[in-house]
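Numbering (my numbering), first residue to last: 100 to 783.
1) Run through DSSP, which three-state label would residue 445 get?
2) Find the nearest neighbour of residue 139 within the set 132, 131, 133 and 148, judged by alpha-carbon distance.
3) For the ligand ADP, any of its heavy atoms closer than 7 Å to the Cβ of residue 371?
4) Tell me the residue span of the beta strand (DSSP E) that contains residue 360.
5) Does the region 384 to 400 come close enough to the region 434 to 454 to have 3 or more Cβ pairs within less than 8 Å?
6) By the three-class DSSP mapping on this structure, what secondary structure does residue 201 have?
7) Over the uninterrupted beta strand (DSSP E) stretch that includes residue 550, give me the two end residues.
8) Does residue 260 come out as helix, strand or coil in the three-state DSSP assignment?
9) Can the beta-carbon of residue 581 be found less than 8 Å from the beta-carbon of residue 114?
10) For residue 121, which of helix, strand or coil comes out of DSSP?
11) By a C-beta neighbour count over all protein chains shown, 10 Å radius and 16 as the cutoff for buried, is residue 377 buried or exposed?
12) Whole angstroms is fine: what's the gap from residue 529's alpha carbon to residue 494's?
13) Just checking my contact of residue 157 with residue 126 at CB under 8 Å: how many whole Å lie between their CB atoms?
14) So if DSSP puts residue 767 in a beta bridge, which residue, or which two residues, is it bridged to?
15) Extract the residue ranges of the beta strand (DSSP E) inside the region 370 to 449, only unbroken runs of 3 or more that lie entirely within it.
16) Can you give me the Cβ contacts of residue 177 inside the same chain, cut-off strictly under 8 Å, excluding the 5 residues immediately before and after it?
17) Rounded to whole angstroms, how far is the Cβ of residue 433 from the Cβ of residue 453, which I believe are closer than 8 Å?
18) Is residue 743 helix, strand or coil when you go by DSSP?
19) Which word fits residue 565, buried or exposed, when buried means at least 16 other C-beta atoms lie within 10 angstroms of its C-beta?
20) Grab the span of the alpha helix (DSSP H) containing residue 318 for me, first residue to last.
21) Based on the DSSP output, what are the partners of residue 128 in its beta bridges?
22) When burial is assigned at 16 or more other CB atoms within 10 Å of the CB, is residue 103 buried or exposed?
23) Whose C-beta lies closer than 6 Å to the C-beta of residue 774 among residues of the same chain, with five residues either side of it excluded?
24) Within 8 Å, do at least three Cβ pairs link the region 246 to 256 to the region 218 to 234?
25) Does the region 325 to 336 come close enough to the region 301 to 317 that 3 or more CB-CB pairs lie under 8 Å?
26) Tell me the DSSP secondary structure of residue 565 in three-state form.
27) Considering only DSSP beta bridges, list what residue 225 is partnered with.
28) Between residue 781 and residue 543, what straight-line distance do the alpha-carbon atoms span, to the nearest angstrom?
29) Following the continuous beta strand (DSSP E) through residue 483, name the residue where it begins and the one where it ends.
30) When the distance is taken between beta carbons, is residue 338 closer than 8 Å to residue 508?
31) Cα-Cα, which of 659, 271, 290 and 282 is closest to residue 299?
32) Taking Cβ positions, are residue 736 and residue 747 nearer each other than 8 Å?
33) Report yes if the C-beta distance between residue 263 and residue 253 is below 8 Å; otherwise report no.
34) Give me whichever residues DSSP pairs with residue 594 in a beta bridge.
35) With distances taken from CA atoms, which of 261, 592 and 161 is nearest residue 335?
36) Any idea what DSSP makes of residue 112, helix, strand or coil?
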């Protein structure tokens, strides 16, 4: 049987998540929890991943389930360190990546430039062929002649990979498939990506951008996973190896080598999954997840246990047509730099100290002030308790870093640190508003779930600003993303463009498309060795004729069975009204644009997650500086030592191995049976 198909009930599960500053590991074995954090190695992320296994003392021969998430693909794009890509298009469309859309992001910027694609114009090649929007071949592709012309040029160009995006291949991929097969045969040393392999949806520029970005990162991911896989096998690993996707589900690592673009945001997605799992244990499905790590902060709105899924995203200004959890990101992580702008105003981020050299207090050569340094100076991070006392923290270095900021603002060093933290709170509140109030959701109906090493330190203050009454801090919040990896289901989202007007024939066409997509999804999962327990969700993207963008309409199996044109129109109008507060004019024509299907296979069982005891000595109180600049004593407790359902009033510091939870005055905290820390307001 395929090694990816089954997981023994008593096999160890290990999640390894490579972040910008730290690489986190969570291992669960028959209820026993192991966690660790090691510094990331940006130049070779696999070194950090293997170092986490070494530090935790994991014997890979006993691991039955290894799940990995990383920023490798994201960093390759942001740092422009991907492969050299050749771009092959239909004749006449060579400039599609450079024309882009005619929107202008910054309308008052006289020096505004469009985002630069990852392909130079000289690396774009044309072939003679034409397929129309219905999938009809207008001009056939002479594959033999095209490859005879292309192959010498591509070989001479020294390309690592080839991206193919032919006109209307979303409707008929025959030409792309034939050209891909021929180029693979002629140029076996190059990876060839066809746009139909990564997105089968219309909108030519977005499809072309996604195809080139996929080809740009595919060799990087393929090389990275190959190195990691070889080392794992050499260490005795022979079981299931999965990779987290941006949509919050995992797939086997070998499948990721065919579509690396789907892993762009695997780390943030894993954190959302972990937060949802723990919030469910605390009895709530409506949460705002708040992940504050070393380089950035990610927030996501989750309603009834489900995060929003966006069909596309952007990275470095370039569109990526791949399903992602709807996350808003701001440059406000623990390593975000604190600085003074040209106008003399205090700023936080988006630049970061990163893993190297890191915050000044890490003692690794950093000299610029960061949010982590601010917490050390405020007293909400105690140097002797950081990472359970395993990592030394240099408070004097943090003071030296903040001295120029304090001098420029005419404040004491602790006051300058508090001002930086208040500004960080304001930045994060703005990000939360993007996913809540600006989309018609009242954040007061949700609980805040903070995680990441820095999240619980600011959570209560953010909740105060947002008028939220409840904060749920998961156990071991600094490594929750790594837990989310092993708590995630296998999942894949496919999409296809099928355009037709809603009429009497539409329901039958929808049912036929559903059957076609389900069969393809089952075949995909069968190739993964997963055939039982599959669940399906089906969505139609619809709009009024003449609209530019679509509205998703969920179609359950029961709805599909009895669907007629009137019911379809009613479902669309209801979905349209929820977003735009109107359902259109009577008799206005409606069209279906495309479909999305999510197939998922739940875990065999959900691993429990418990707080790891902090090895550092925990005093009864410690001095901190409040937001108003006043110094007070805060109670200090170890997270694992809190008595169940016995509240501790703020100000207090609840310390764990991976993070500290700050409970300000006017709040209280208690631990529940699942080791969640729940904070509620005692004063309004």
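For each residue, glycine too, the CB sits at the ideal point set by N, CA and C.
Concretely, from the data shown:
1) In the structure shown, the three-state DSSP call for residue 445 is strand.
2) The option with the nearest alpha carbon to residue 139 is 148.
3) Among the components modelled here there is no ligand, and therefore nothing to report on the ligand ADP.
4) Here residue 360 belongs to no beta strand (DSSP E), and DSSP marks it neither H nor E.
5) With the cut-off at 8 Å, the region 384 to 400 and the region 434 to 454 touch.
6) DSSP places residue 201 in coil when its eight states are reduced to three.
7) Per DSSP, residue 550 belongs to the beta strand (DSSP E) from 546 to 550.
8) When DSSP states are grouped into helix, strand and coil, residue 260 belongs to the strand group.
9) Yes; because the gap between Cβ atoms is below 8 Å, this pair is in contact.
10) Reduced to three states, the DSSP call for residue 121 is strand.
11) Counting Cβ neighbours within 10 Å, residue 377 comes out buried, since at least 16 surround it.
12) Per the coordinates, the alpha-carbon of residue 529 lies some 30 Å from the alpha-carbon of residue 494.
13) With a Cβ gap of about 6 Å, residue 157 and residue 126 count as contacting.
14) 748 and 779, per the DSSP bridge assignment.
15) Taking only runs of at least 3 residues, the beta strand (DSSP E) segments lying wholly in the region 370 to 449 are 386 to 391, 396 to 402, 412 to 414, 417 to 419, 426 to 429 and 435 to 439.
16) Around residue 177: 414 and 415.
17) A Cβ-Cβ separation of about 11 Å leaves residue 433 out of contact with residue 453 under the 8 Å criterion.
18) In the structure shown, residue 743 sits in a strand (DSSP, three-state: E or B).
19) With 16 or more neighbouring CB atoms inside 10 Å of its own CB, residue 565 falls in the buried class.
20) Its alpha helix (DSSP H) spans residues 303 to 333.
21) Bridge partners of residue 128 according to DSSP: 131.
22) Because residue 103 sits at a pLDDT of 41, beneath the cut-off of 50, its placement in the model cannot be relied upon, and the following sentence gives the value as read from the coordinates. Classification of residue 103: buried, given that the 10 Å Cβ count is 16 or more.
23) Taking C-beta separations shorter than 6 Å and ignoring five residues to either side along the sequence, the partners of residue 774 in its chain run 574, 709 and 710, following chain order.
24) As far as the Cβ criterion goes, the region 218 to 234 touches the region 246 to 256, which means the pair count is three or higher.
25) In short, these stretches do not touch, since the Cβ pair count stays below three.
26) If DSSP states are grouped into helix, strand and coil, residue 565 belongs with the helices.
27) Among the bridge pairs identified by DSSP, residue 225 is matched with 188.
28) Distance between the alpha carbons of residue 781 and residue 543 is about 16 Å.
29) Residue 483 -> no beta strand (DSSP E), and no H or E assigned at all.
30) Between residue 508 and residue 338, the C-beta gap is not smaller than 8 Å, which leaves the two residues out of contact.
31) Of the candidates 659, 271, 290 and 282, 271 places its Cα closest to the Cα of residue 299.
32) By the CB criterion at 8 Å, residue 736 and residue 747 fall inside the cutoff.
33) In this structure, residue 253 does not lie closer than 8 Å to residue 263 by Cβ.
34) Looking at the DSSP assignment, residue 594 forms a beta bridge with 695.
35) Per the Cα distances, 161.
36) DSSP places residue 112 in strand when its eight states are reduced to three.
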